[in-house]
Amino acid sequence: FLSTEDSVIPGNLGMKDQVLALQWVQENIRTLGGDPAQVTIFGESAGGMSVHYHMVSPMSKGLFQRAIAQSGTALFPGIMNLHPRQTSIKLSQKLECPDITPESFTSQAFYNCLQDIPTEKLVMSSFAFVEFHSSPQVMLPSVDGDFLPQHPGKLLREGLYNKVDFMTGVTRDEGALFVGPLTMNRATIDDMVANFSTAGPHVALQDPYDEAKVYVAKRIFYHYLKDLNITDENKHLAVKMFSDMAFNIPLDMSGKFHARDAAYGKNIFLYEFHHLGQYTFFDILNMTFEGDWVCHGDELQYQFNFPNFPGMGKLLAKDEFMSEIMVALWTNFATTGNPTPDMSLGFKWTPVSDPDDLQYLILKTSPYMRGFNRHDEWEFWNNLPYIHNKRLFPEKFL
Numbered sequence: 001f002l003s004t005e006d007s008v009i010p011g012n013l014g015m016k017d018q019v020l021a022l023q024w025v026q027e028n029i030r031t032l033g034g035d036p037a038q039v040t041i042f043g044e045s046a047g048g049m050s051v052h053y054h055m056v057s058p059m060s061k062g063l064f065q066r067a068i069a070q071s072g073t074a075l076f077p078g079i080m081n082l083h084p085r086q087t088s089i090k091l092s093q094k095l096e097c098p099d100i101t102p103e104s105f106t107s108q109a110f111y112n113c114l115q116d117i118p119t120e121k122l123v124m125s126s127f128a129f130v131e132f133h134s135s136p137q138v139m140l141p142s143v144d145g146d147f148l149p150q151h152p153g154k155l156l157r158e159g160l161y162n163k164v165d166f167m168t169g170v171t172r173d174e175g176a177l178f179v180g181p182l183t184m185n186r187a188t189i190d191d192m193v194a195n196f197s198t199a200g201p202h203v204a205l206q207d208p209y210d211e212a213k214v215y216v217a218k219r220i221f222y223h224y225l226k227d228l229n230i231t232d233e234n235k236h237l238a239v240k241m242f243s244d245m246a247f248n249i250p251l252d253m254s255g256k257f258h259a260r261d262a263a264y265g266k267n268i269f270l271y272e273f274h275h276l277g278q279y280t281f282f283d284i285l286n287m288t289f290e291g292d293w294v295c296h297g298d299e300l301q302y303q304f305n306f307p308n309f310p311g312m313g314k315l316l317a318k319d320e321f322m323s324e325i326m327v328a329l330w331t332n333f334a335t336t337g338n339p340t341p342d343m344s345l346g347f348k349w350t351p352v353s354d355p356d357d358l359q360y361l362i363l364k365t366s367p368y369m370r371g372f373n374r375h376d377e378w379e380f381w382n383n384l385p386y387i388h389n390k391r392l393f394p395e396k397f398l
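Using UniProt numbering, the letters of the sequence shown map in sequence onto residues 1 to 398.
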């Protein structure tokens with residue numbers, strides 16, 4: 001994803017590799033017994049974000065007909081590098097490229113330097129950008145005029161994306177998998193509080209070049225926690241803070257944009273996964289975070305067989321039943337574009353067709369539909385003066 005914002009290192013090579021894979025599928029799927037007009041792509045977390053990026057990329061047009069983005073969209077606030085050339089300049093200094101200074105930097109000289117860097121040193125160099133915990137991440141997609149002609153939010157707002165059947169959703173407590181590791185060591189939280197002007201914006205997924213990043217981070221923390229500190233008493237609020245910031249609000253915004261696709265004959269389905277099973281992703285990672293969390297990644301065990309992961313054995317009957325429901329929904333969607341084409345599962349998943357009337361399937365062993373219920377959170381996030389909103393809704397922040 002490294003980019004010099006020109007033809008020397010154009011960026012987004014990771015996404016363009018995926019485009020090549022999708023092109024290969026189109027060229028070869030008939031040989032494998034498939035149909036090039038019946039291709040569904042799906043992914044979770046960064047995979048979900050990748051799926052959504054392909055939906056907004058002109059390079060991916062026509063390469064798939066349906067898409068599923070689980071716990072990740074292109075509107076995740078920390079998934080874009082808005083300053084890729086600056087990253088390259090900084091990297092040239094961290095790699096000690098000879099005869100290159102920030103003032104004398106040229107793309108070709110930097111490219112030539114990279115050719116002589118040992119692979120291991122090159123791979124490890126991205127960690128040199130970390131300032132707190134594991135943030136910031138800098139090797140990310142960026143606007144390149146090719147795979148991504150504009151910010152994905154702007155493309156979505158203006159309807160400049162590939163209209164396909166789309167299923168997307170979140171788990172109930174997405175943020176638990178991020179707050180848990182952050183709070184495992186009390187010293188990490190103490191460091192965040194003591195150095196909030198540096199650490200706070202990273203935790204709040206703010207752009208490192210945004211002049212308002214500290215102010216915005218404090219607004220976010222005080223809105224949810226009434227404090228800059230994360231404690232045992234308010235950790236549930238911290239989980240909600242991170243869930244809303246990174247997953248729930250981007251899901252809601254994506255839902256509002258894609259609801260318009262119904263006018264093009266496309267089916268749009270939103271969900272929230274609420275099933276609390278015997279195991280969580282914390283068991284897979286051999287971690288403990290006290291509480292009944294349905295965290296990031298928890299739905300995967302019901303779609304794929306994880307019996308060999310540490311801490312996981314045979315699923316309970318209720319979890320097996322949840323798995324049967326999910327596999328049926330996902331395969332029905334891939335086959336027909338509708339996860340409930342009939343009443344064989346005992347319920348109907350209502351597609352979204354009105355941006356002002358979002359409907360979500362609550363995924364449990366007894367699934368049910370629920371309307372939009374994050375009105376206060378929506379109001380807060382969509383009026384927050386941070387770079388994500390300024391690029392998406394510039395008229396609000398003149």
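The beta-carbon is built from N, C-alpha and C at its ideal position, and this holds for glycine as well.
As DSSP reads the structure, Ala67 sits in a beta bridge with Ile41 and Phe166.
In this structure, DSSP gives Gln150 a state outside helix and strand, which the three-state scheme calls coil. DSSP places Leu22 in the uninterrupted alpha helix (DSSP H) bounded by Leu13 to Asn28.
Residue pairing for Leu363: DSSP places it in a beta bridge opposite Phe273.
At the C-beta level, Ile9 and Tyr111 come within 8 Å of one another.
By a beta-carbon distance limit of 8 Å, Phe147 does not contact Met49. Their separation comes to about 14 Å.
Beta-carbon to beta-carbon, Met55 and Val164 are separated by about 7 Å, close enough to satisfy the 8 Å threshold. Leaving aside the five residues that flank Lys213 on each side, the residues in its chain whose CB is nearer than 6 Å to its CB run, in chain order, Pro201 and Gln206. Excluding its 5 nearest sequence neighbours in each direction, Tyr302 has C-beta neighbours in its own chain below 6 Å: Met322, Ser323 and Met326, listed in chain order. Bridge partners of Gly371 according to DSSP: Gln359. Under the three-state reduction of DSSP, Ile268 is assigned to strand. Bridge pairing for Cys295: Asp173 [DSSP]. Using a Cβ-Cβ distance cut-off of 8 Å, the stretch 69-82 and the stretch 106-121 are not in contact, since fewer than three pairs of beta carbons, one from each stretch, lie closer than that value. By the criterion of at least three beta-carbon pairs nearer than 8 Å, the stretch 62-71 is not in contact with the stretch 136-154. In the displayed model, Phe132 falls within a strand according to three-state DSSP. Taken atom to atom, the span from the alpha-carbon of Ile284 to that of Trp330 is near 23 Å. In this structure, Ala37 is the residue among Leu276, Arg157 and Ala37 with its C-alpha nearest to the C-alpha of Gly337.
With fewer than 16 other Cβ atoms from the protein chains shown falling within 10 Å of its own Cβ, Asp292 counts as exposed. DSSP places Leu228 in no alpha helix (DSSP H); its state is neither H nor E. In this structure, Ala246 sits near Glu174, with a CB-CB distance shorter than 8 Å.
For the 8 Å CB-CB criterion, Thr188 and His133 form a contact. By the neighbour-count definition (other C-beta atoms within 10 Å, threshold 16), Trp24 is an exposed residue. DSSP places Lys348 outside any alpha helix (DSSP H), giving it a letter other than H or E. Within the model, the alpha-carbon separation for Trp349 versus Thr340 is close to 6 Å. Excluding five sequence positions before and after Pro98, the CB atoms of its chain that fall closer than 8 Å to its own CB belong to Cys113, given in chain order. The beta carbons of Leu392 and His296 sit about 24 Å from each other, so the pair does not count as a contact at 8 Å. Counted as a single uninterrupted DSSP element, the alpha helix (DSSP H) harbouring Cys113 occupies residues Ser107 to Gln115. Residues of the same chain with a CB within less than 7 Å of the CB of Val294, apart from the 5 flanking positions on each side, are Thr171, Arg172, Asp173, Phe273, His274, His275 and Leu276 in chain order. At a Cβ-Cβ threshold of 8 Å, Leu22 and Ser57 do not count as neighbours.
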